[in-house]
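Its first residue numbered 1, the sequence shown is counted upward by one per residue in my numbering.
Down below is the structure, laid out as structure tokens.
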Amino acid sequence: MKYLRNVIGTGLMIFSAAAMLFSTYSVAEPRSMTEIQSSGELRACVPTANPPDGKVIPEGCTGNCGYEGIIGELVEVFAKSLDLTPSYWVSNWDGLFHNADGTTDKEASYTPRLLETGQCDMIGAVMVSLDWRLKKMDMECFIPSRMMVVTHKDRLGEFQSISDLGGRTVSVEQSMSLHTWIEDLNEDQLADNPVQITFRPFDDSIPAVDRGDVDFTVVGVLDALYHTRNLVENSAAAFAVGPLDMGCWGMRKGDTEMAELISNFFEEQTANPDSNLNEIWSNYYGLSFFEFLRLVSKIE
Numbered sequence: 001m002k003y004l005r006n007v008i009g010t011g012l013m014i015f016s017a018a019a020m021l022f023s024t025y026s027v028a029e030p031r032s033m034t035e036i037q038s039s040g041e042l043r044a045c046v047p048t049a050n051p052p053d054g055k056v057i058p059e060g061c062t063g064n065c066g067y068e069g070i071i072g073e074l075v076e077v078f079a080k081s082l083d084l085t086p087s088y089w090v091s092n093w094d095g096l097f098h099n100a101d102g103t104t105d106k107e108a109s110y111t112p113r114l115l116e117t118g119q120c121d122m123i124g125a126v127m128v129s130l131d132w133r134l135k136k137m138d139m140e141c142f143i144p145s146r147m148m149v150v151t152h153k154d155r156l157g158e159f160q161s162i163s164d165l166g167g168r169t170v171s172v173e174q175s176m177s178l179h180t181w182i183e184d185l186n187e188d189q190l191a192d193n194p195v196q197i198t199f200r201p202f203d204d205s206i207p208a209v210d211r212g213d214v215d216f217t218v219v220g221v222l223d224a225l226y227h228t229r230n231l232v233e234n235s236a237a238a239f240a241v242g243p244l245d246m247g248c249w250g251m252r253k254g255d256t257e258m259a260e261l262i263s264n265f266f267e268e269q270t271a272n273p274d275s276n277l278n279e280i281w282s283n284y285y286g287l288s289f290f291e292f293l294r295l296v297s298k299i300e
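The following block contains the structure:
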């Protein structure tokens with residue numbers, strides 16, 4: 001009988017602990033700006049590493065991790081402007097948009113799980129404001145960009161226009177705006193000879209071109225500039241594609257306080273030639289953010 005009581009008691013303790021854990025998770029909800037400021041912590045969702053944007057510490061970490069690189073530094077400067085300390089939740093790109101079932105549904109309107117549960121107060125990944133993303137979150141945009149086709153230096157003559165992409169293999173990361181652009185291209189201009197899409201982590205897309213694993217990739221102008229100058233030897237930008245896009249930070253729909261704070265932050269940083277934003281850009285790209293704006297405006 002004593003043994004039975006012990007078993008029952010242990011079972012009740014386990015059930016009680018599990019119930020508390022479930023209850024804690026199930027009632028998790030997004031935090032107001034007042035709650036964020038009271039905590040002294042800004043929780044930012046960031047993407048898995050793709051230098052120079054991000055470097056996860058330790059390497060391969062997901063969830064609560066250390067984070068460096070441009071995204072990490074921008075989030076830190078923003079947090080400090082609010083007298084907050086940043087913490088980083090690292091996810092792959094697709095995971096940033098997952099619903100409660102752990103999948104990304106581009107057609108549906110919902111708040112991504114990481115924002116809905118308060119795991120993150122904002123998304124510090126620099127994202128293009130695509131229609132399907134705007135069904136899931138509000139965005140504040142601050143970085144203009146163009147997409148660039150990158151191929152092997154020895155094959156630049158083969159890649160002069162969009163028609164030259166038909167039937168070729170491309171490397172992109174799933175759910176990035178670059179992936180969406182290729183899908184749209186396959187449904188329209190290249191419907192008769194679609195691009196063959198292969199998925200791999202973003203930080204291996206240009207190296208895959210460099211190794212000859214794929215014919216080309218598509219990246220933003222900043223990534224093309226940094227990678228072809230610093231990380232690979234055999235690849236080069238071929239030509240610009242798509243419209244002028246804007247890179248944005250994300251927050252849950254209706255979070256007007258967060259949106260206003262982000263908007264004001266980047267307005268002030270852009271206007272000040274000695275700002276942290278201009279310093280960060282100069283450190284990574286050799287030109288200030290203001291000079292970068294002029295460069296992007298000249299790309300045809």
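For glycine and all other residues, C-beta sits at the position ideal for the given N, C-alpha and C.
All values reported here derive from a predicted model rather than from experimental measurement.
Status (buried if at least 16 other CB within 10 Å, exposed otherwise) for residue i
| i | result |
| --- | --- |
| residue 291 | exposed |
| residue 302 | Because the chain here runs from 1 to 300, residue 302 falls outside it and cannot be looked at. |
| residue 278 | buried |
| residue 211 | exposed |
| residue 66 | exposed |
| residue 269 | buried |
| residue 73 | buried |
| residue 318 | Nothing can be reported for residue 318, as the shown portion of the chain is limited to 1 through 300. |
| residue 2 | With a pLDDT of only 44 at residue 2, under 50, the local geometry of the prediction cannot be trusted, and no value is derived from it. |
| residue 256 | exposed |
| residue 109 | exposed |
| residue 60 | exposed |
Cβ separation of residue i and residue j, assumed to be a contact under 8 angstroms, to the nearest whole Å
| i | j | result |
| --- | --- | --- |
| residue 120 | residue 247 | Wrong, their Cβ atoms sit about 18 angstroms apart, outside the cutoff. |
| residue 168 | residue 138 | Contact flag wrong, Cβ pair sits at about 36 angstroms. |
| residue 207 | residue 232 | 6 angstroms |
Reduced DSSP secondary structure (H/G/I, E/B, other) of residue i
| i | result |
| --- | --- |
| residue 98 | coil |
| residue 64 | strand |
| residue 159 | coil |
| residue 217 | strand |
| residue 151 | strand |
| residue 176 | coil |
| residue 93 | coil |
| residue 28 | coil |
Beta carbon of residue i nearer than 8 angstroms to that of residue j
| i | j | result |
| --- | --- | --- |
| residue 157 | residue 193 | no |
| residue 128 | residue 245 | yes |
| residue 97 | residue 136 | yes |
| residue 150 | residue 221 | no |
| residue 86 | residue 42 | yes |
| residue 296 | residue 58 | no |
| residue 266 | residue 81 | no |
| residue 251 | residue 122 | yes |
| residue 92 | residue 48 | yes |
| residue 94 | residue 175 | yes |
| residue 162 | residue 241 | yes |
| residue 70 | residue 280 | yes |
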